[in-house]
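Visitor: Dropping a structure here in structure tokens format, bear with me for questions.
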DNA sequence: AACACGGGGAG
DNA sequence: CTCCCAGTGTT
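Residue numbers (the working numbering): 125 to 492.
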């Protein structure tokens with residue numbers, strides 16, 4: 125079985141992208157590395173449909189790398205709120221500051237320099253370099269891995285480092301030395317489009333694929349057999365208690381979470397994960413002379429973990445304020461009281477945002 | 001080399 | 001419901 129001719133694969137993907145690929149996305153049609161970089165970071169682990177809801181608003185608020193670098197981290201996190209993987213936003217902010225301080229505000233376009241910046245790994249550096257400078261480097265994200273592993277009927281473990289390193293070498297080998305910058309942009313976009321719209325995980329549209337007659341997975345008759353499925357980790361369920369202290373004036377107590385771990389750097393009510401559970405919390409509330417409203421647990425599913433979020437709403441009076449530091453989970457130096465409107469402008473985890481938004485609506489609609 | 005990180009879209 | 005997506009940084 126003859127392997128696909130490298131130049132042939134490249135040329136077909138370029139031609140296919142120009143004819144049938146995607147062209148209208150807001151981060152296309154520019155060579156501004158700032159806009160391309162922003163889109164690539166947002167697109168890490170996040171699908172296009174989701175990013176579309178954030179991208180324009182973000183570039184409007186932070187029009188260039190200087191504006192982003194000068195903005196408080198809180199504003200960046202607020203604009204990112206709901207996209208998840210909040211470390212991306214912190215690295216994005218740090219990267220902007222490095223570009224301003226160490227590169228004179230000019231966003232680099234070459235792979236080697238890009239690779240030194242925070243939050244930019246091999247694939248993102250290659251994407252920016254290919255789109256903005258036409259550099260002959262290949263991306264290798266999850267979509268491209270799937271396309272190539274089907275093309276070559278590669279049976280290796282897709283998650284193994286050795287597999288990915290070798291795939292990258294072979295991907296690089298598909299790029300001809302004569303490729304022009306315009307070709308590189310079309311090719312890079314073409315690989316992304318192929319993976320996203322044709323060579324999909326389930327139900328690939330092989331009849332629309334420009335590599336159909338070269339694809340060994342298709343030749344085998346079972347293209348979805350590649351890449352080899354990963355072992356699935358069992359998902360644990362954890363119970364979290366979110367203590368929402370609400371004052372008479374409607375203000376809520378929120379505190380900033382540590383920068384590492386889940387919801388890092390975001391604002392949230394005190395979270396109790398301790399195993400004392402409902403019982404301990406009820407006992408404490410009773411001792412403190414407080415009453416609380418308990419909402420049914422709200423499930424929050426993640427890939428590898430499931431959270432059962434128990435909302436405990438505690439009406440809080442100024443008189444009780446002196447005891448604030450004794451509330452379980454409260455770190456007084458990390459928090460503050462926020463009006464509903466102020467709170468919704470903060471960087472909030474999606475479940476917290478949803479809760480506060482609905483609570484604000486119900487308060488408004490139920491008040492006289 | 002393995003793991004942690006969030007939310008949503010697709011089937 | 002299950003699966004995993006335009007990955008990177010840390011251990």
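Note that beta-carbon positions come from the ideal geometry of N, C-alpha and C, so glycine has one too.
All figures in this text were calculated on a predicted structure; none of them were measured in a lab.
(1) Among the residues of its own chain, which have a CB less than 8 angstroms from the CB of residue 170, if the five just before and after it don't count?
(2) Once you ignore the five residues that flank residue 327 on each side, which residues in its own chain have a CB closer than 6 angstroms to its CB?
(3) Starting from residue 112, trace the beta strand (DSSP E) in both directions and tell me its first and last residue.
(4) Does residue 418 pass the burial test, meaning 16 or more other C-beta atoms within 10 Å, or should it be called exposed?
(5) How long is the line joining the alpha carbons of residue 133 and residue 222, rounded to whole angstroms?
(6) Within the chosen definition, does the region 214-233 reach the region 183-198 through at least 3 CB pairs nearer than 8 angstroms?
(7) Nearest to residue 290 by CA position, among 272, 405 and 228, is which residue?
(8) State the Cα-Cα distance for the pair residue 462 and residue 266, rounded to the nearest angstrom.
(9) Closest to residue 136 by C-alpha separation, out of 172, 332, 219 and 196, would be which residue?
(10) Does the beta-carbon of residue 176 have 16 or more other beta-carbons within 10 angstroms, so that it is buried, or is it exposed?
(11) Does DSSP put residue 367 in a helix, in a strand, or in coil?
(12) State buried or exposed for residue 278, treating a residue as buried only when at least 16 other CB atoms are found within 10 Å of its CB.
(13) Just to confirm the assignment, what range does the alpha helix (DSSP H) spanning residue 136 have?
(14) Using alpha carbons as the reference points, say which of 314, 385 and 395 lies closest to residue 214.
(15) Hey, is the region 439-459 in contact with the region 405-418, meaning 3+ C-beta pairs nearer than 8 angstroms?
(16) Drop a sphere of 10 angstroms on the beta-carbon of residue 283, count the other beta-carbons inside from all chains shown, and report buried for 16 or more, exposed for fewer.
(17) I'd like the span of the beta strand (DSSP E) that includes residue 412, first residue to last.
(18) How about residue 249 and residue 239: do their beta carbons lie closer than 7 angstroms?
(19) Are the CB atoms of residue 359 and residue 440 nearer to each other than 7 angstroms?
(20) Answer with buried or exposed for residue 312, where buried requires no fewer than 16 other C-beta atoms within 10 angstroms of its C-beta.
(21) Buried or exposed for residue 102, going by 16 or more other Cβ atoms inside 10 Å?
(22) With DSSP collapsed to three states, give me the class of residue 480.
(23) Is the beta carbon of residue 216 closer than 7 angstroms to that of residue 165?
(24) Return the chain-ordered ranges of every alpha helix (DSSP H) run that is complete within the region 306-393 and spans a minimum of 4 residues.
(25) Within its chain, find whatever has a CB closer than 6 angstroms to the CB of residue 398; leave out the 5 residues flanking it on each side and keep chain order.
(26) Determine the DSSP secondary structure at residue 421, reduced to helix, strand or coil.
(27) Kindly list the residues whose CB is nearer than 8 angstroms to the CB of residue 198, restricted to its own chain and excluding five residues on each side of it in sequence; keep chain order.
(28) From residue 357 to residue 429, what distance separates their C-alpha atoms?
(29) DSSP beta-bridge partners for residue 470?
(30) Below 8 angstroms on the Cβ atoms is my contact criterion, and I expect residue 394 with residue 367 to pass it. Report the Cβ-Cβ distance as a whole number of Å.
(31) Just checking my contact of residue 180 with residue 150 at CB under 8 angstroms: how many whole Å lie between their CB atoms?
(32) Have a look at 369, 382 and 381 and flag the residue whose alpha-carbon is nearest the alpha-carbon of residue 409.
(33) With DSSP as the reference, identify every bridge partner of residue 460, one or two as the case may be.
(34) Between which two residues does the alpha helix (DSSP H) harbouring residue 225 extend?
(35) Which value, in whole angstroms, describes the spacing of the CA atoms of residue 163 and residue 251?
(36) Applying the 10 Å Cβ sphere with the 16-neighbour rule, what's the burial state of residue 317?
Guide: Taking the definition as stated:
(1) Annotation for residue 170: 207, 208 and 209 place their beta carbon closer than 8 angstroms to its own, counting only its chain and skipping 5 residues before and after.
(2) There are no such residues.
(3) Any property of residue 112 remains undetermined from this structure, which presents the chain solely from 125 to 492.
(4) Of the residues assessed, residue 418 falls on the exposed side of the cut-off, its CB having fewer than 16 other CB atoms within 10 angstroms.
(5) Answer to the nearest angstrom: the Cα atoms are 38 angstroms apart.
(6) Enough Cβ pairs lie closer than 8 angstroms, so yes.
(7) Out of 272, 405 and 228, the CA that lies nearest to the CA of residue 290 is found in 272.
(8) Between the C-alpha atoms of residue 462 and residue 266 there is a straight-line separation of about 41 angstroms.
(9) Of 172, 332, 219 and 196, the residue nearest in Cα terms is 332.
(10) Exposed is the call here.
(11) DSSP places residue 367 in the strand class (E or B) of the three-state scheme.
(12) Classification for residue 278: buried.
(13) Element bounds for residue 136: 130-144.
(14) Measuring from the Cα of residue 214, the nearest candidate turns out to be 385.
(15) Between the region 439-459 and the region 405-418, the count of Cβ pairs shorter than 8 angstroms is three or higher; the stretches touch.
(16) That one is exposed.
(17) Boundaries for residue 412: no beta strand (DSSP E) harbours it, and the DSSP string shows neither H nor E there.
(18) Yes, these two residues count as a Cβ contact at 7 angstroms.
(19) By the CB criterion at 7 angstroms, residue 359 and residue 440 fall outside the cutoff.
(20) Counting other Cβ atoms within 10 Å of its Cβ, residue 312 reaches 16 or more and is therefore classed as buried.
(21) Since the first and last residues shown for the chain are 125 and 492, residue 102 lies out of range.
(22) For residue 480, the three-state secondary structure derived from DSSP is helix.
(23) One thing to note: residue 165 has its Cβ within 7 angstroms of the Cβ of residue 216.
(24) Listed in chain order, they are 340-344.
(25) Counting only residues of its own chain and dropping the five nearest sequence neighbours on each side, residue 398 has no CB closer than 6 angstroms to any other CB.
(26) Residue 421 falls in the coil class under three-state DSSP.
(27) Excluding its 5 nearest sequence neighbours in each direction, residue 198 has C-beta neighbours in its own chain below 8 angstroms: 470 and 471, listed in chain order.
(28) Taking the CA atoms as reference points, residue 357 sits about 10 angstroms from residue 429.
(29) The beta-bridge partner set that DSSP reports for residue 470 is empty.
(30) With 8 angstroms as the limit, residue 394 and residue 367 qualify as a contact, their Cβ atoms being about 5 angstroms apart.
(31) For residue 180 against residue 150, the beta-carbon gap comes to about 6 angstroms, under 8 angstroms, which counts as contact.
(32) Residue nearest to residue 409 within the set 369, 382 and 381 is 369 (criterion: CA-CA distance).
(33) As a beta-bridge residue in DSSP terms, residue 460 pairs with 378.
(34) Annotation: the continuous alpha helix (DSSP H) that includes residue 225 extends over 211-226.
(35) Cα atoms of residue 163 and residue 251: separation of roughly 10 angstroms, rounded to the nearest angstrom.
(36) Buried.
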